[in-house]
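A quick write-up on the structure given underneath.
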Amino acid sequence: MKKIKDERLVLRNLQNIRIVYIIQTVGILGILGHSFLQGGMDEMRANPLWLLFMLTTIISAYLTMRVSVENEQSVQNPVKSFRISLVVLMTIIIIVSTLTLLTPGFGLSDAFLIGSILFICGIIPIYYIYRLRVKEQEDMEE
């Protein structure tokens, strides 16, 4: 099989892949929606397509982050943006943990657990973008 060298054909091929991805995602959401209507949220999460949908969504988000960092017009200070993101994340965690603590039936351990989960889920993409920006900055200096 010959490698495609014409940029127009490469772009067209990428557009075709995007269309197929969209159709596949709509199909998966339709099947998950049917599972949800038949058996509720537990039935939907028990479906293996749920794991596939979550995995593809997360991978798509990380790949999109990589492209957006490479496409940034101005060079941003990675350390400054990392610190700002951490402050925003910590503010969100404090607010959500406080609201959880104030909710009847939830205690300090619940607030700590939810805060910890939010921290882990937030720090991973923040650190990933930080590393991408550092790498981009190093590439610009060379």
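Residues 40 to 181 in the working numbering are what the sequence shown lists, from first letter to last. Where a beta carbon is used, it is the ideal one built from N, C-alpha and C, also for glycine.
Neighbour-count burial assignment, G78, 16 or more Cβ in a 10 Å radius: G78 is exposed by the Cβ-count criterion.
Between the CA atoms of S120 and L157 - distance to the nearest angstrom: Taken atom to atom, the span from the alpha-carbon of L157 to that of S120 is near 19 Å.
Considering only their Cβ atoms, is the gap separating L128 from I165 smaller than 9 Å? I165 places its beta carbon less than 9 Å from that of L128.
By Cβ distance, which residues of its chain are closer than 8 Å to V135, with the 5 residues on each side in sequence left out? So the qualifying residues of the chain are I153, G154 and L157.
Could you check the C-alpha separation between L68 and E181 for me, to the nearest Å? Counting only the Cα atoms, E181 lies some 45 Å from L68.
Could you tell me the alpha carbon to alpha carbon distance between N110 and D45, rounded to whole angstroms? Their backbone Cα atoms lie some 23 Å apart in a straight line.
Using CA atoms only, rank isn't needed, just tell me which of G144, D178, Y169 and I61 is closest to P117. Put simply, of G144, D178, Y169 and I61 the residue whose alpha carbon is nearest the alpha carbon of P117 is Y169.
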